[in-house]
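S.K.: Encoded as structure tokens, here's the structure I'll be asking about.
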Amino acid sequence: MEIIKTALRSLLGNRTRSILTMLGIIIGVGAVITMVAIGRGAAQQVEGFVAGFGSNLIIVFPAPPNSSGARGAAGSGATLTLDDSNAIANESFSIQNVAPEANGSAQVIYGNSNWSTSFTGSTPEILNVRNLEIEQGACFSDADVRSAAKVCVLGPTVVKELFGYADPIDAVIRIRNIPFRVVGVLKAKGANSFGQDQDDVIFLPITTAQRRLVRFGTRVDSVRRINVQARDRDSLTAAQDEVKAILRQRHKLTEGVPDDFNIRDLTEALENAESSAEVMSILLGAVASISLLVGGIGIMNIMLVSVSERTREIGIRMAVGARPSNVRVQFLTEAVVLSLLGGAIGIASGVGISKAITEFIKWPTLISPESILIAVGFSAAVGVFFGFWPAYKASRLDPIDALRTE
Amino acid sequence: MAIIEVKNLVKIYKTGDIELRALNDVSFKIERGEFVCVMGPSGSGKSTMMNILGCLDVASSGSYELDGINVKTQNRAELADVRNHKLGFVFQGFNLLPKVDAVENVELPLLYRGVASAKRRKAAVEALERVGLGQRLHHRPSQMSGGQQQRVAIARAIVGRAPIILADEPTGNLDTKTTVEIMNIFTELHKEGITVILVTHEPDIATWSERVLRFRDGQLIADEAAPKGVQLDNEVKPEDI
Ligand SMILES: Nc1ncnc2c1ncn2[C@@H]1O[C@H](COP(=O)(O)OP(=O)(O)OP(=O)(O)O)[C@@H](O)[C@H]1O
Ligand SMILES: [Mg+2]
Chain E
653 MEIIKTALRS LLGNRTRSIL TMLGIIIGVG AVITMVAIGR GAAQQVEGFV
703 AGFGSNLIIV FPAPPNSSGA RGAAGSGATL TLDDSNAIAN ESFSIQNVAP
753 EANGSAQVIY GNSNWSTSFT GSTPEILNVR NLEIEQGACF SDADVRSAAK
803 VCVLGPTVVK ELFGYADPID AVIRIRNIPF RVVGVLKAKG ANSFGQDQDD
853 VIFLPITTAQ RRLVRFGTRV DSVRRINVQA RDRDSLTAAQ DEVKAILRQR
903 HKLTEGVPDD FNIRDLTEAL ENAESSAEVM SILLGAVASI SLLVGGIGIM
953 NIMLVSVSER TREIGIRMAV GARPSNVRVQ FLTEAVVLSL LGGAIGIASG
1003 VGISKAITEF IKWPTLISPE SILIAVGFSA AVGVFFGFWP AYKASRLDPI
1053 DALRTE
Chain X
486 MAIIEVKNLV KIYKTGDIEL RALNDVSFKI ERGEFVCVMG PSGSGKSTMM
536 NILGCLDVAS SGSYELDGIN VKTQNRAELA DVRNHKLGFV FQGFNLLPKV
586 DAVENVELPL LYRGVASAKR RKAAVEALER VGLGQRLHHR PSQMSGGQQQ
636 RVAIARAIVG RAPIILADEP TGNLDTKTTV EIMNIFTELH KEGITVILVT
686 HEPDIATWSE RVLRFRDGQL IADEAAPKGV QLDNEVKPED I
């Protein structure tokens, strides 16, 4: 305590210099925190994406018309149908859930309230695929899908907009003026990492959507995409192969004819994105660490100047009984206090800058407690490491020589 | 047993190729409680002698025993402890820390002895009161006169109740009145049984002591009783002035 007080006083005695010295550490630590926050922000965005979709997901899209000569010849805009989806569900061994999607946006009305939102027609499996849970009521059933029942499940935002605090279950709302009975409400999920409200949704049986709300291409039963969830991580490749084989067979694609669909392994894509976000974190952190190192050298420089300036003081202290270790600890403490103080200010500014980046540039940042801990540890280490040589030099002074210097 | 015993002490300074014997074969003993003056012309080695006695410097050869401790065998940390416990040094140039006040300057030896803060403060205030600076506790050196600064330095030398006070021309920069005040303090310390060794140029000052060691060209040329001068000012106390 005593030592820290002495160190602080000595640093305050030379305020301008102390602040300039700290600047190196402030910038270093601030840069580390900001850079890591940016990197982590990116990583978290990717993670959020994964969480929003469920794991081991494969998505099958119809191939865009211009990319496939075969389909162009067939003259059809949409190549994936509900039957394709059912076939995958029935014939593939490696999958857990299949959820086709037919989606669009619509005006929904209940009483005097109306709200513009998006709807997704699917099967009950969509809940697993999207990592969704029911808060109240139930999801529509497979029977509802077969009979194209006019029932729907609402996201909490839609409920709030249409019903306020009233009970929505069994109420009848109008989607594009068609009456639908509300059978369930989803658990709130909040905004995803892109800031989209994941609760502003309506789910309904895909058959109902196809017949009454949307139409792609020429066929009634075409779907926008098919979400396929593999049983586990290891089944992913097998699942892709199976899906491909099933669809090729169903679409009667002979050898050499390109696929009229695209299979995307979302997990792999996300993992790639995640690991590149990770690499970015590390790179940014490394660049920032260099500035911390430079800051440390600044501290060493100033401490060396300080030692030679205060040689007489050191001599006086030694003359009255300061041991070499006392002198060493004194200067080391000054260096550490200097760098920790700089570190603290650096953390504050790093956090501030990160927040500002999110606020003004809308770039996601994530300030992790570890990065702060690391910054504190690092700046203390910088203080000790770069303070040691000057402190050691001070402690090796001869009392009489030190007293003789002016 | 003598509190200080030096034998065949030699101190050689090397400046380039030139070797200078600042001390040449010096031997003497000082008993506990003595009041000794060290005199001699400029450059005769007085300060060199004092710095060695004060364990601030080491001799080139010869032996020095301080209160039974063979100084040569002590490492740097042990020497620091010897300075702290056995010695109080008063310099001609005061050597106070400029950025802290009187109390903190005086506390310094106790700080390195590991004395708790409150006890330290109490002892420092007492020491400052003893030298007549009870009213100047929180002045910095720059806010005090030379005599006051020297009294702070003396307070620092006595705060740890060291048995030996070494003073190298403590009154060298001071006027007669202040010199008398300072010498009175040393006399008092001597009366309490503290061993006082004092370097001076002025024969007047030597009359306050009991014994004079005379140096010339690095050699001890005389070890004699102090001259019995007329010490008119001897009984003047600081508070009378
Ligand atoms: N650090 C040093 N390096 C080289 N020579 C030195 C050093 N210190 C002292 N000397 C020389 O040693 C001799 C004795 O010096 P010292 O300071 O002991 O004299 P002194 O008796 O104290 O003189 P003064 O009365 O002027 O203070 C002098 O010739 C001086 O030049
Ligand atoms: Mg001298």
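The listed protein sequences derive, respectively, from chains E and X. So the first sequence is numbered by the working numbering: it starts at 653 and just counts up by one. So the second sequence is numbered by the working numbering: it starts at 486 and just counts up by one. We put the CB at the ideal spot given by N, CA and C, even for glycine.
Given L595 (chain X), which residues of its chain have a CB within under 8 Å of its CB, disregarding the five upstream and five downstream residues?
M.R.: Contacts found: K604, R605, A608, A609, V644 and G645.
S.K.: Rounded to a whole number of angstroms, what is the C-alpha to C-alpha distance between S774 (chain E) and D819 (chain E)?
M.R.: So the two alpha carbons sit approximately 24 Å from each other.
S.K.: If you check the beta carbons only, do A754 (chain E) and R902 (chain E) fall under 9 Å apart?
M.R.: In this structure, R902 (chain E) does not lie closer than 9 Å to A754 (chain E) by Cβ.
S.K.: At least one CB of chain E closer than 9 Å to the CB of N536 (chain X): is that the case?
M.R.: So yes, N536 (chain X) belongs to the interface.
S.K.: Return the residue from the list E:G691, E:P976, E:L838 and E:L672 that minimises the CA-CA distance to D566 (chain X).
M.R.: Closest option to D566 (chain X), Cα to Cα, is E:P976.
S.K.: Which residues does DSSP list as the beta-bridge partners of V760 (chain E)?
M.R.: V760 (chain E) pairs with E:W767 and E:I827.
S.K.: Report the residues of the segment 952 to 980 of chain E with a CB closer than 8 Å to any CB of chain X, ordered along the chain.
M.R.: Going along the segment 952 to 980 of chain E in chain order, one finds R964, E965, G967, I968, R969, M970, A971, V972, G973, A974, R975, P976, S977 and N978 with a Cβ nearer than 8 Å to chain X.
S.K.: What residues from chain E crowd round Y498 (chain X), counting only those whose CB sits closer than 9 Å?
M.R.: The premise fails here: Y498 (chain X) is roughly 11 Å from chain E at the closest Cβ pair, so nothing lies under 9 Å.
S.K.: Just curious, the alpha helix (DSSP H) that G547 (chain X) is in, first and last residue?
M.R.: Segment S546 to L551 is the beta strand (DSSP E) holding G547 (chain X); no alpha helix (DSSP H) there.
S.K.: Which residue wins for smallest C-alpha separation from T1017 (chain E), given the options E:I1005, E:Q788 and E:N783?
M.R.: The candidate whose alpha carbon is nearest that of T1017 (chain E) is E:I1005.
S.K.: If the criterion is Cβ atoms closer than 9 Å, does the pair Q628 (chain X) and L581 (chain X) meet it?
M.R.: Taking 9 Å as the Cβ cut-off, Q628 (chain X) and L581 (chain X) do not qualify as a contacting pair.
S.K.: Can you tell me whether DSSP reads R871 (chain E) as helix, strand or coil?
M.R.: The answer is coil: DSSP assigns R871 (chain E) none of H, G, I, E or B.
S.K.: Verify the CB distance criterion: does E654 (chain E) have a CB-CB separation below 9 Å to chain X?
M.R.: So, interface residue.
S.K.: For R561 (chain X) and chain E, any beta-carbon pair shorter than 9 Å?
M.R.: So, interface residue.
S.K.: Helix, strand or coil for E709 (chain X)? Go by DSSP, reduced to three states.
M.R.: If DSSP states are grouped into helix, strand and coil, E709 (chain X) belongs with the strands.
S.K.: Counting Cβ pairs closer than 8 Å, one from the segment 524 to 542 of chain X and one from the segment 487 to 504 of chain X, do we hit at least three?
M.R.: Contact between the segment 524 to 542 of chain X and the segment 487 to 504 of chain X is present, because at least three Cβ pairs lie under 8 Å.
S.K.: Since L622 (chain X) meets chain E, which of its residues come closer than 8 Å, beta carbon to beta carbon?
M.R.: Per Cβ cutoff of 8 Å: no residues; L622 (chain X) is ~17 Å from chain E at best.
S.K.: Report all residues from its chain with a CB closer than 8 Å to the CB of E677 (chain X); omit the five preceding and five following residues, and keep chain order.
M.R.: Closer than 8 Å at the Cβ level, and outside the excluded window around E677 (chain X), lies no residue.
S.K.: Ligand 1 and M643 (chain E): does the residue's C-beta get closer than 8 Å to at least one heavy atom of that ligand?
M.R.: Only positions 653 to 1058 of chain E appear in this structure, which leaves residue 643 (chain E) out of reach.
S.K.: Mapping DSSP to helix, strand and coil, what is N580 (chain X)?
M.R.: Reduced to three states, the DSSP call for N580 (chain X) is coil.
S.K.: May I ask whether a heavy atom of ligand 2 can be found less than 8 Å away from the beta carbon of E687 (chain X)?
M.R.: Because no heavy atom of ligand 2 lies under 8 Å away, the Cβ of E687 (chain X) does not count as near it: no.
S.K.: Is D653 (chain X) near ligand 2 - that is, is its Cβ less than 8 Å away from at least one heavy atom of it?
M.R.: Yes, since a heavy atom of ligand 2 falls inside the 8 Å radius drawn around the Cβ of D653 (chain X).
S.K.: Residues of chain X with a CB under 8 Å from the CB of G665 (chain E): which are they?
M.R.: Within chain X, the residues near G665 (chain E) are K584.
S.K.: Could you please give me the residues that DSSP links to K492 (chain X) through a beta bridge?
M.R.: Per DSSP, X:S548.
S.K.: Please confirm whether F700 (chain X) and V511 (chain X) have their CB atoms less than 9 Å apart.
M.R.: Yes; because the gap between Cβ atoms is below 9 Å, this pair is in contact.
S.K.: Indicate the three-state DSSP secondary structure (helix, strand or coil) for M932 (chain E) in the structure shown.
M.R.: M932 (chain E) falls in the helix class under three-state DSSP.
S.K.: When you check each C-beta in the segment 602 to 613 of chain X against every C-beta of chain E, which residues fall closer than 9 Å?
M.R.: Taking 9 Å as the Cβ-Cβ cut-off against chain E, the residues of the segment 602 to 613 of chain X that qualify are S602.
S.K.: Is the Cβ of R598 (chain X) closer than 9 Å to any Cβ of chain E?
M.R.: Chain E, which has a Cβ nearer than 9 Å to the Cβ of R598 (chain X), makes this yes.
S.K.: Looking at C-alpha atoms only, which residue of E:V781, E:R833 and E:G816 is the closest neighbour of A800 (chain E)?
M.R.: Per the Cα distances, E:R833.
S.K.: Put F792 (chain E) into one of helix, strand or coil per three-state DSSP.
M.R.: If DSSP states are grouped into helix, strand and coil, F792 (chain E) belongs with coil.
S.K.: Does any C-beta atom of chain X lie closer than 9 Å to the C-beta of R661 (chain E)?
M.R.: For R661 (chain E), the answer is yes, since a Cβ of chain X falls inside 9 Å of its Cβ.
S.K.: Got a sec? Which residues, its chain only, sit under 6 Å from R863 (chain E) by beta carbon, not counting five neighbours each side?
M.R.: Only A800 meet the Cβ criterion.
S.K.: Assuming P655 (chain X) and I488 (chain X) make a contact with CB atoms under 8 Å, what is their CB distance in whole Å?
M.R.: At roughly 20 Å, the Cβ-Cβ gap does not stay under 8 Å, so P655 (chain X) and I488 (chain X) are not in contact.
S.K.: Compute the minimum distance between the beta carbon of S532 (chain X) and the heavy atoms of ligand 2, and state whether it is under 8 Å.
M.R.: S532 (chain X) Cβ: within cutoff of ligand 2.
S.K.: Are there any heavy atoms of ligand 2 lying less than 8 Å away from the beta-carbon of V981 (chain E), as far as the coordinates show?
M.R.: Checking the Cβ of V981 (chain E) against ligand 2 gives no.
S.K.: How many angstroms separate the CA atom of P714 (chain E) from the CA atom of W767 (chain E)?
M.R.: Cα-Cα distance, rounded: 31 Å.
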